[in-house]
Amino acid sequence: MIRYILSRLLIAVLLLWGLVTLSFALVSLLPGDPAVALLGEYATPADVARINAELGLDKPFVERYFDYLFRTLRGDLGTSFFTGSSVSEELWTRLPNTLVYLVPGLLLALVIGLGLGAMAAYRAGRFADRSFTVVVSILMAMPEFVLALLLLFIFYQQLQIAPAPLGMLSATDITPPKVTGWLPVDAVLAGQWGTLGSIFNRAGLLILTLGLFFAAPFGKTVRTGLLQILNSPQIEFAKACGLRPSQVFRYALTDVRGALMTYMVLLFAAALSGAAIVESVFSWPGVGGWSLDGVLKGDVPVIQGFVLVMGATSLLGYVILDALITLLDPRTRAIAAPSRRMREAAPAPVVAVAS
327 MIRYILSRLL IAVLLLWGLV TLSFALVSLL PGDPAVALLG EYATPADVAR INAELGLDKP
387 FVERYFDYLF RTLRGDLGTS FFTGSSVSEE LWTRLPNTLV YLVPGLLLAL VIGLGLGAMA
447 AYRAGRFADR SFTVVVSILM AMPEFVLALL LLFIFYQQLQ IAPAPLGMLS ATDITPPKVT
507 GWLPVDAVLA GQWGTLGSIF NRAGLLILTL GLFFAAPFGK TVRTGLLQIL NSPQIEFAKA
567 CGLRPSQVFR YALTDVRGAL MTYMVLLFAA ALSGAAIVES VFSWPGVGGW SLDGVLKGDV
627 PVIQGFVLVM GATSLLGYVI LDALITLLDP RTRAIAAPSR RMREAAPAPV VAVAS
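According to this note's numbering, the sequence shown is numbered sequentially starting from 327.
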């Protein structure tokens, strides 16, 4: 078992190295000169050459790659070409702002999707199932930013019960003293519970947007997986043994948990990488809007840092998921670490003896 987990960690390290290489190569080979983007179209060749020398862009490609690789190993993702701020510090400050709404939003999607998907599978072919299919089809056909604008129109414009989409704090909120750089944590450390409540109040529509948007595909996956298991021979055998329908359904949920955990990690990666547009709608100071601004400006260190951190976060999620499934699923555990009895029961290899 330990050997299996170590092998997975080794694969993750190799994939992370590939991600670093790919992010550097793709961004470095993009058309355009960052120095021209920084100085403007009327910059003189001498100014462009000076900026390229200051930023290290005049070095050979291989030398720049190894500089970037060794800096990344030290945790240094460079500095922004436009603001001069550290990319690592910006990510460290802004990523928690994204997680403030992303984690509750995915938990809401889990509750809604699991509940409605299980109900639709339990009442397959009935009115509840058909209604679920219609609602899921509508939500899956709607882009995330369109859903965000629709919720803003309903709750802010029409009902006027949601705050204006103008960031994490209003003009009347007191910004807590900077201790960790994470606004919700600093508010807790300072005892500013009103500020903390204001942050989550202003994140409410963001949480609802993510919850509804990702509940649709998750619920559809739950329904499809449960229907396959409920129609399987083992479930038919359980019914024939006289088990109650609630017990049978609980066993079916247990059997589908591996697929649901995998899909939740996929949704987390999708939500994290797709946060740019929805954060722009709500003027939210998260990592998504910051990276989108870097892409529009051609800020190479920002783009590279965002791609690397998002990829590494997703990769870490997959490694943890793999370990959890191996621990929870006896079939996977048997493959990862075959028992001594299984090894002894394996047939001996046949050796051909030359006559």
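Quick reminder that beta carbons are idealized off the backbone N, C-alpha and C, glycines included.
Check, Outcome
"Euclidean distance between Cα positions of residue 616 and residue 602", "8 Å"
"Cβ-based burial, residue 447 [other Cβ within 10 Å; buried from 16]", "buried"
"Secondary structure of residue 409, DSSP reduced to three states", "coil"
"6 Å Cβ shell around residue 474 - same chain, five flanking residues per side excluded", "535, 604 and 607"
"Whole-Å CB distance - residue 500 paired with residue 518, under 8 Å assumed", "6 Å"
"Cα-Cα separation, residue 420 to residue 484", "31 Å"
"Cβ contact (3+ pairs, closer than 8 Å) linking the stretch 339 to 358 and the stretch 628 to 636", "yes"
"Under the three-state DSSP convention, the category residue 367 falls into", "coil"
"Cβ neighbours of residue 328 in the same chain (closer than 6 Å, five flanking residues each side left out)", "none"
"Cβ contact (3+ pairs, closer than 8 Å) linking the stretch 504 to 511 and the stretch 397 to 405", "no"
"Enclosing alpha helix (DSSP H) for residue 343 [first to last residue]", "328 to 354"
"Where residue 379 falls, given that 16 or more other Cβ within 10 Å makes a residue buried", "exposed"
"Alpha-carbon spacing of residue 416 relative to residue 511, whole angstroms", "16 Å"
"Inter-residue CB distance, residue 597 and residue 526 (contact presumed, cutoff 8 Å)", "Actually they do not touch by this definition, with Cβ atoms about 18 Å apart."
"Own chain partners of residue 680 with C-beta closer than 8 Å, once the 5 adjacent residues on each side are dropped", "The predicted model places residue 680 with a pLDDT of 47, which falls under 50 and marks its position as unreliable, so this point remains unresolved."
"8 Å Cβ shell around residue 454 - same chain, five flanking residues per side excluded", "445 and 446"
"Selection from 583, 441 and 531 that minimises the alpha carbon distance to residue 482", "531"
"Per-residue burial, residue 466 [other beta carbons within 10 Å of its own, 16 or more giving buried]", "exposed"
"Span of the alpha helix (DSSP H) around residue 501", "Counting along the chain, residue 501 falls outside any alpha helix (DSSP H), and DSSP gives it neither H nor E."
"Burial state of residue 367, where buried means 16 or more other Cβ atoms lie within 10 Å", "exposed"
"Start and end residues, alpha helix (DSSP H) containing residue 619", "613 to 623"
"Residue 384, DSSP secondary structure in three states", "coil"
"Sub-8 Å separation of residue 553 and residue 450 beta-carbons", "yes"
"Status (buried if at least 16 other CB within 10 Å, exposed otherwise) for residue 557", "exposed"
"Proximity of residue 643 and residue 345 at Cβ, strictly below 8 Å", "no"
"Cβ contact check for the stretch 567 to 586 and the stretch 612 to 626: 3 or more pairs under 8 Å", "no"
"Selected residue, minimal CA-CA separation from residue 392, among 427, 440, 343 and 422", "343"
"First through last residue of the alpha helix (DSSP H) which encompasses residue 530", "530 to 556"
"Length-filtered (4 minimum) alpha helix (DSSP H) runs lying within the stretch 391 to 460", "413 to 448"
"CB contact flag (residue 422, residue 626, <8 Å)", "no"
"Through-space distance from residue 581 to residue 551, alpha-carbon basis", "9 Å"
"Proximity of residue 438 and residue 568 at Cβ, strictly below 8 Å", "no"
"Sequence-distant residues of its chain with Cβ nearer than 8 Å to residue 334 (five each side left out)", "645, 648 and 649"
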